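Visitor:
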Amino acid sequence: MSRFLKRILKACLWLGILLAATTALLVLALRWVDPPSSMVILAWQQQNDRQAQCDWQPLEKISPHLQMAVIAAEDQKFPRHHGFDFASLKKALEENRKRPRGASTITQQTAKNLFLWNGRSYLRKGLEAWFTLLMELLWPKERILEIYLNIAEFGEGVYGAQAAAKNFFGIHAIHIDRWQAGLMAAVLPNPRRMSARAPSRYVRSRAADIDRQVRQLGRSSYLEKL
231 MSRFLKRILK
241 ACLWLGILLA
251 ATTALLVLAL
261 RWVDPPSSMV
271 ILAWQQQNDR
281 QAQCDWQPLE
291 KISPHLQMAV
301 IAAEDQKFPR
311 HHGFDFASLK
321 KALEENRKRP
331 RGASTITQQT
341 AKNLFLWNGR
351 SYLRKGLEAW
361 FTLLMELLWP
371 KERILEIYLN
381 IAEFGEGVYG
391 AQAAAKNFFG
401 IHAIHIDRWQ
411 AGLMAAVLPN
421 PRRMSARAPS
431 RYVRSRAADI
441 DRQVRQLGRS
451 SYLEKL
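Basically the numbering used here = 1-based index in the sequence shown + 230.
#1: Reducing DSSP to helix, strand and coil, say where P330 ends up.
#2: Provide the residue span of the beta strand (DSSP E) that contains F398, from first to last.
#3: Can you pull the DSSP bridge partners for C284?
#4: Going straight from the alpha carbon of A303 to that of R280, what length do you get?
#5: Between which two residues does the alpha helix (DSSP H) containing D439 stretch?
#6: According to the neighbour-count rule (16 or more other Cβ atoms, all chains shown, within 10 Å of its Cβ), is I247 buried or exposed?
#7: Are the beta-carbon atoms of N420 and A382 separated by less than 9 angstroms?
#8: Assign H312 to one of two classes, buried (16 or more other C-beta atoms within 10 Å of its C-beta) or exposed (fewer than that).
#9: I need the straight-line Cα distance from R329 to K355, nearest angstrom please.
#10: Measuring straight from C-alpha to C-alpha, what distance separates F234 and L245?
#11: Return the chain-ordered list of same chain residues with a C-beta closer than 7 angstroms to the C-beta of S232, the five sequence neighbours on each side being excluded.
#12: Excluding the 5 residues preceding and the 5 following G385 in the sequence, name in chain order all residues of the same chain whose CB lies nearer than 8 angstroms to its CB.
#13: Rounded to the nearest angstrom, what separates N380 and F361 at their Cα positions?
#14: On the DSSP bridge assignment, give the partners of E383 in chain order.
#15: Identify which residue in W262, L249 and F345 has its Cα closest to the Cα of W369.
#16: Which same chain residues, not among the five before or five after S293, have their C-beta less than 7 angstroms away from its C-beta?
Here you go:
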């Protein structure tokens, strides 16, 4: 191996170490500092040339009904896994090899929404895995859920539980009831086509199913596992 090639490899190694350390410090800081926005929100604002609706609220001011509905709908193993649900991923791949769905955990979705650009690539998937690992290592589960509930898209340009509660129901996020929570969780897979404010028959049916799953999980007592 030539001396020049060795220098290139050494420089790449140090660059990788620097990037890893920088991202780790960023994620660690966000354990205590609320992010002012997210990559998904910024991208939407740029595309639409207007401000998105978002209003940060601490987890204790977000209804436990919504916390449970989101866990029941999106990631029932959230308290137990370490960022990845390999069993669900395998099942999703078997059911739909071309477009696997329903395999991302809440931690992975938070990583994508907070740090990454829209699109699909191996680089993006690698960064998603890296940020997912960092978040699981450096944040408690409550913090992951708090950030997710504040940056998740619940409607066109409506991000976070507080903005959604005000926009759809005219209430504060802490006052979201069981049925409203089910409707909000039901639209998460496609919030630009489904509506919690004017729910379709499918959304109402899915909300009822989510409520049944919440009961099976043990309602708010399940949150004690976080």
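Beta carbons are placed, not taken as given, at the ideal position from N, Cα and C, and that holds for glycine.
Values in this document were obtained by computation on a predicted structure and should not be read as measured data.
Guide: Based on what the coordinates show:
#1: At P330 the pLDDT is 42, less than 50, meaning the model places this residue with poor confidence; the figure from the coordinates comes in the next sentence. Reduced to three states, the DSSP call for P330 is coil.
#2: First-last for F398: A391 to F399, but that is the alpha helix (DSSP H), not the beta strand (DSSP E).
#3: Y389
#4: 30 angstroms
#5: R431 to L447
#6: exposed
#7: no
#8: Label assigned to H312: exposed.
#9: At R329 the pLDDT is 42, less than 50, meaning the model places this residue with poor confidence; the figure from the coordinates comes in the next sentence. Cα-Cα distance, rounded: 15 angstroms.
#10: Between F234 and L245, the C-alpha separation is close to 16 angstroms.
#11: none
#12: A394, N397, F398, V417, P421, R422, S425, A426 and R427
#13: 18 angstroms
#14: According to DSSP, which records beta bridges pairwise, E383 is partnered with Y389.
#15: W262
#16: A403, I404, H405, I406 and A411
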